[in-house]
Amino acid sequence: MHEVGPGIFAWVQPDGTWWVNNAGAVAGDGGVLIVDTCATEARTRRFLGAVAEATGGAPVRMAVNTHQHGDHCYGNSLLPDDTVVFGHAAMREALLADPIIDGCPPVWTPVPDWGHVTRRPPSVVFTSELTVHLGARRVELRHPGHAAHTPGDVVAWLPGERVLFAGDLLFNGLTPLVLMGSLEGALRSLDWLAAFEPEHVVPGHGPLATASELPEVLAAHERYYRFVLDAARAGRENGLTPLAAAQAADLGEFAGWADAERLVLNLHRAYAEAEGGEVDLLAALGDAMTWHGGPLPTSV
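All residue numbers for the sequence shown refer to the UniProt record's numbering, where the first residue is 1 and numbers rise by one.
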């Protein structure tokens, strides 16, 4: 747990790879706002215990999910019953339809053990932005206006303290994922994030970033997204499948990033965007396993 400002906490889970996310908490008069939970019962209980210790056991009044993926929301059911959970309308719909919480396919090894978690979608949804208050502390929940990492991405922005919880719009130092979002939208979101001019940024995965570090984090994302778009363009021109395009690509500066197999998934999204279609998720995950040489690794 890192205190990035008075009463503002970031929960960073190394190494930030598959299913291992960052989360956070904001304490104010009368209670706490949680930013995301975790993938499993064990990880979420550890996170909530650390929040209680950091905040003197203050009640968790509110929570927000930055998007639909289980590493950021499966632990919702472990929040107190009276906690109000916020999220984007598209995020709620996606979580309600998510089959992985009921039984994860053997795409990852070991297969994640979720523990005793159940599906708990947000009870309050919005489509653009919503402001909540913890006493005098203001927290703005904002959507970029388009799909990026997912259709329902939300950031939590504290304008008074200039702290930004970016969710999976940022993967600091490891391979971003846009399988369920948009390459073009992810690119557009980078300028949107920069415009907040935050002093401290909590990415969805990877180390925290300061104002001086953020420009290079954003620039690295831009280079990666343009690399994926270039690989997709070359692959389509040469009649290659997304898997073959990934096998032909030179990862270059991105070879050292964890979860490099996400290139295959991102290419599936880039192909679908270029062709006006939709991604076959099971086929994309199967191709990622082929590229990786077997099931995808996970620490969960």
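C-beta: ideal position from N, C-alpha, C; glycine also.
Predicted model only: the values in this text are computed from it and were never measured.
- For residue 270, the closest of 94, 300, 235 and 92 by C-alpha to C-alpha distance is 235.
- Pairing residue 90 with residue 185, the inter-Cα distance amounts to about 16 Å.
- Distance between residue 79 and residue 230, taken at the CA atoms: about 43 Å.
- The Cβ atoms of residue 66 and residue 165 lie closer than 8 Å to each other.
- Looking at the backbone, the Cα of residue 96 and that of residue 224 are separated by about 31 Å.
- In this structure, the CA atom of residue 132 is about 10 Å from the CA atom of residue 157.
- Residue 20 and residue 44 have their alpha carbons spaced roughly 11 Å apart.
- Judged by DSSP in its simplified three-state form, residue 256 adopts coil rather than helix or strand.
- Under the 8 Å Cβ criterion, the segment 36 to 56 counts as touching the segment 68 to 75, having at least three qualifying pairs.
- For residue 140, the enclosing beta strand (DSSP E) starts and ends at 137 to 142.
- Contact between residue 134 and residue 28 holds, since their C-beta atoms are separated by about 2 Å, short of 8 Å.
- Boundaries of the alpha helix (DSSP H) around residue 71: 70 to 73.
- Between the alpha carbons of residue 272 and residue 178 lies a gap of roughly 12 Å.
- Following the DSSP letters along the chain, one finds residue 61 inside the beta strand (DSSP E) bounded by residues 60 to 64.
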